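Residue numbers (this note's numbering): 26 to 370. Read through the structure below, which is laid out as structure tokens, and then see the notes.
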């Protein structure tokens with residue numbers, strides 16, 4: 026990984042550092058090392074609930090995390106904490122303003138999962154465009170021998186599915202994942218438009234299309250943007266109405282809170298959308314009690330809805346990247362040479 030100088034090495038660090046890994050269930054840990062003369066003790070937890078964070082980090086100098094929520098209140102009980110390093114790209118579970126106010130450096134693993142997430146997004150597109158879930162349901166119900174054919178299960182509004190060369194993909198969020206999705210779908214023959222920021226239609230950068238125009242032009246919309254105050258429920262009722270293609274497919278590999286799940290379900294039920302495929306949910310871990318998309322009635326309804334349990338990131342290369350970046354972040358924090366793109370606070 027390319028490194029660049031950040032504002033100097035960490036000062037006033039004790040020679041012996043207490044490192045606490047709060048949740049190793051997702052990625053595990055590589056063998057930890059620190060630059061000399063620093064030594065360390067390491068406490069590892071497989072899982073940590075938010076109400077356990079303060080107690081487990083009360084004596085920590087460094088925390089290693091994935092997705093556990095760390096609030097400003099929890100940080101108040103952690104007077105020694107100097108670094109939170111996330112083994113994942115997303116840091117929306119961390120109170121970044123509170124970390125900054127307390128002088129806690131936050132580093133992430135930006136870009137660790139770009140290939141995996143982009144490839145998963147393309148897989149979700151094919152599953153939704155080809156209506157694989159409704160077709161599988163009818164197969165399991167034994168309808169093929171009863172009816173002689175169930176090809177209608179792959180039709181949208183009575184029409185056969187588009188080929189890749191007939192697709193226009195609008196990409197919402199053009200970071201590492203968005204750029205990789207763009208390259209993959211272009212290689213498949215699809216046209217690509219990159220959506221500008223919503224609300225900034227008058228100042229769209231070169232190479233991008235105003236947000237609403239991108240939605241109107243798209244036969245596929247891929248959501249790749251991070252969850253932030255300005256992207257919460259970024260896509261809801263008005264945005265689904267703006268997707269003019271009757272067979273339009275939505276793919277969300279960003280964060281669940283970017284798409285209004287209730288509005289998405291209505292758009293599918295009313296035929297406003299041709300299909301949807303989501304890997305992320307507003308509340309995770311997700312289940313029928315927390316997401317309308319996972320209600321038993323929805324699963325049995327034959328809707329063209331593909332769901333996966335936030336596994337787009339999962340790949341051997343992602344894990345290798347995460348472990349390498351974790352060690353780089355630990356060493357970089359101590360020496361003051363950090364990758365700027367990974368600095369979140």
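We put the CB at the ideal spot given by N, CA and C, even for glycine. What you are looking at is a predicted structure, and each value in this text was computed from that prediction instead of being measured.
How big is the Cα-Cα spacing for residue i and residue j?
i: residue 54; j: residue 358; result: 18 Å
i: residue 98; j: residue 105; result: 15 Å
i: residue 185; j: residue 172; result: 19 Å
i: residue 323; j: residue 333; result: 15 Å
i: residue 140; j: residue 369; result: 22 Å
i: residue 115; j: residue 367; result: 10 Å
i: residue 336; j: residue 67; result: 28 Å
i: residue 61; j: residue 40; result: 9 Å
i: residue 102; j: residue 57; result: 25 Å
i: residue 201; j: residue 155; result: 27 Å
i: residue 133; j: residue 211; result: 29 Å
i: residue 168; j: residue 238; result: 41 Å
i: residue 254; j: residue 75; result: 21 Å
i: residue 180; j: residue 43; result: 58 Å
i: residue 170; j: residue 249; result: 41 Å
Would you kindly check if the distance between the Cβ of residue j and the Cβ of residue i is under 8 Å?
i: residue 234; j: residue 214; result: no
i: residue 160; j: residue 178; result: yes
i: residue 145; j: residue 278; result: yes
i: residue 371; j: residue 131; result: There is simply no residue 371 to check, as the chain begins at 26 and stops at 370 in what is shown.
i: residue 267; j: residue 241; result: yes
i: residue 158; j: residue 194; result: no
i: residue 355; j: residue 59; result: yes
i: residue 47; j: residue 88; result: yes
i: residue 197; j: residue 246; result: yes
i: residue 344; j: residue 91; result: no
i: residue 117; j: residue 252; result: yes
i: residue 137; j: residue 347; result: yes
i: residue 153; j: residue 276; result: yes
For residue i, which of helix, strand or coil comes out of DSSP?
i: residue 350; result: helix
i: residue 65; result: strand
i: residue 363; result: strand
i: residue 139; result: helix
i: residue 184; result: strand
i: residue 200; result: coil
i: residue 329; result: coil
i: residue 57; result: coil
i: residue 356; result: helix
i: residue 300; result: strand
i: residue 133; result: coil
i: residue 210; result: helix
i: residue 290; result: helix
i: residue 262; result: helix
i: residue 175; result: coil
i: residue 29; result: Legend: pLDDT at residue 29 = 47, less than 50; position of this residue unreliable, value from coordinates given subsequently. Note: residue 29 maps to strand in three-state DSSP.
i: residue 145; result: helix
i: residue 335; result: coil
i: residue 343; result: helix
Is it right to say residue i is buried, meaning 16 or more other beta carbons lie within 10 angstroms of its own, or is it exposed?
i: residue 27; result: Low per-residue confidence applies at residue 27: pLDDT is 43, beneath 50, and the placement is therefore not dependable, though the value from the model is reported in the following sentence. It is exposed - the Cβ of residue 27 has fewer than 16 other Cβ atoms within 10 Å.
i: residue 164; result: exposed
i: residue 341; result: exposed
i: residue 135; result: buried
i: residue 312; result: exposed
i: residue 232; result: exposed
i: residue 125; result: exposed
i: residue 244; result: buried
i: residue 190; result: exposed
i: residue 71; result: exposed
i: residue 166; result: exposed
i: residue 187; result: buried
i: residue 182; result: exposed
i: residue 316; result: buried
i: residue 256; result: buried
i: residue 73; result: buried
i: residue 147; result: buried
Taking 7 Å as the cut-off, is the CB of residue i close to at least one heavy atom of the ligand SAH?
i: residue 80; result: Because no ligand of any kind appears in the structure shown, any question about the ligand SAH cannot be addressed here.
request  = Give a yes or no on contact between the segment 275-289 and the segment 298-305, applying the rule of three or more CB pairs nearer than 8 Å.
outcome  = Taking one beta carbon from each stretch, the segment 275-289 and the segment 298-305 have 3 or more pairs nearer than 8 Å; the two touch.
inquiry  = Whether or not the segment 290-299 and the segment 312-329 are in contact is what I'm after, with contact meaning three or more pairs of Cβ atoms, one per stretch, closer than 8 Å; do they touch?
reply    = Judged by pairs of C-beta atoms under 8 Å, the segment 312-329 touches the segment 290-299, as three or more such pairs exist.
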